[in-house]
Amino acid sequence: MTTLPDRPNTALIVIDVQNGVVDEAYGRDAVVANIRSLVDKARGAGTPVIWVQHSDEELQKGSEAWKYVPELVRRQEEPLVAKSYGDSFEATDLEEVLAKAGVGRLVVAGAETDACIRSTIHGAFTRGYDVTLVGDAHTAGDKSQWGAPPTEAVIAHTNLYWQFQDAPGRTAAVATTEDVSFIS
């Protein structure tokens with residue numbers, strides 16, 4: 000039901016599952032395994048998999064921290080979007096990649112829940128995309144020392160409020176890895 004005309008397709012967006020982002024993230028291994036399952040499902044259905052990779056002072060391009068975790072391997076033909084802001088659309092070519100593929104619905108997984116995931120799902124929704132957040136395929140590191148709630152509460156809260164997100168002509172949803180289907 001996207002508001003984007005002639006964009007009937009779906010894409011899986013995998014955000015920032017990089018060594019330096021998820022090395023100490025909550026439930027890291029289970030989340031990475033779920034993302035790998037999503038990637039396999041998307042590939043099996045012929046659904047585009049779009050990889051997003053953050054770089055900044057702490058995630059220097061080419062460094063071990065910057066690289067994607069070894070469990071997730073991007074295929075050469077799968078787009079890689081380089082970003083340096085939280086919202087994966089901000090100052091990137093993500094919109095052009097999605098438009099070229101006729102994508103109006105996004106299935107989102109990755110890290111970090113309270114930063115790049117949140118920014119991207121909101122950014123996509125305000126740009127007219129239907130957005131499904133995979134509730135058991137996103138994570139973050141512990142930021143409680145700076146006053147944030149425990150990570151599991153951040154994830155639960157994000158899943159709770161996203162399923163009630165609403166706007167004309169768009170849908171927001173939360174699904175489990177098991178329930179995501181890329182076959183229409």
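At position 76 of the sequence shown (counting the first as 1) the number is 75 in numbering that gives the first Met the number 0, and the numbers step up by one without a gap.
Each residue gets a CB set at the ideal place from its N, CA and C atoms; glycine is no exception.
Just so we're clear, the structure is a prediction, and the values are computed from it rather than from any experiment.
Query	Result
Is the beta carbon of GLY43 closer than 9 Å to that of ALA181?	In the sequence as presented, Ala is not what sits at residue 181; that position holds Phe. In contact: PHE181 and GLY43 (Cβ atoms closer than 9 Å).
To the nearest angstrom, how far is it from the Cα of ALA152 to the Cα of THR119?	19 Å
Please confirm if the region 91-108 is in contact with the region 56-64, defined as three or more CB-CB distances below 8 Å between the two stretches.	no
Among residues of its own chain, excluding the 5 on either side of LEU3, which ones have a beta-carbon nearer than 6 Å to its beta-carbon?	GLY103, GLY127
Looking at C-alpha atoms only, which residue of GLY45, ALA32, ASN18, VAL16 is the closest neighbour of ASN8?	GLY45
Assign TYR25 to one of three DSSP states: helix, strand, or coil.	coil
Please name the residue, chosen from VAL31, HIS121, ILE14, VAL48, that lies closest to LYS82 on a Cα-to-Cα basis.	ILE14
Work out the CA separation of LEU105 and GLY134 for me, nearest whole Å.	14 Å
Quick check on ALA139: buried or exposed, where buried means 16 or more other Cβ atoms within 10 Å of its Cβ?	buried
Start and end of the alpha helix (DSSP H) containing ARG104?	That residue, ARG104, is in no alpha helix (DSSP H); its beta strand (DSSP E) goes 102-110.
Using only alpha-carbon positions, find the residue among ALA100, HIS121, ALA110, ASP22 that is nearest to GLU76.	ALA100
In the DSSP assignment, find the beta strand (DSSP E) that holds LYS82 and state where it starts and stops.	79-82
Between TRP50 and GLN17, which are expected to be in contact by the criterion C-beta below 8 Å, what is the C-beta distance as a whole number of angstroms?	Contact doesn't hold; Cβ gap of about 10 Å is too wide.
Buried or exposed, going by whether 16 or more other CB atoms sit within 10 Å of the CB of ASP28?	exposed
With LEU159 as the anchor, note down where its beta strand (DSSP E) starts and where it stops.	It is not in any beta strand (DSSP E) - LEU159 instead sits in the alpha helix (DSSP H) that spans 150-161.
Does ILE34 come out as helix, strand or coil in the three-state DSSP assignment?	helix
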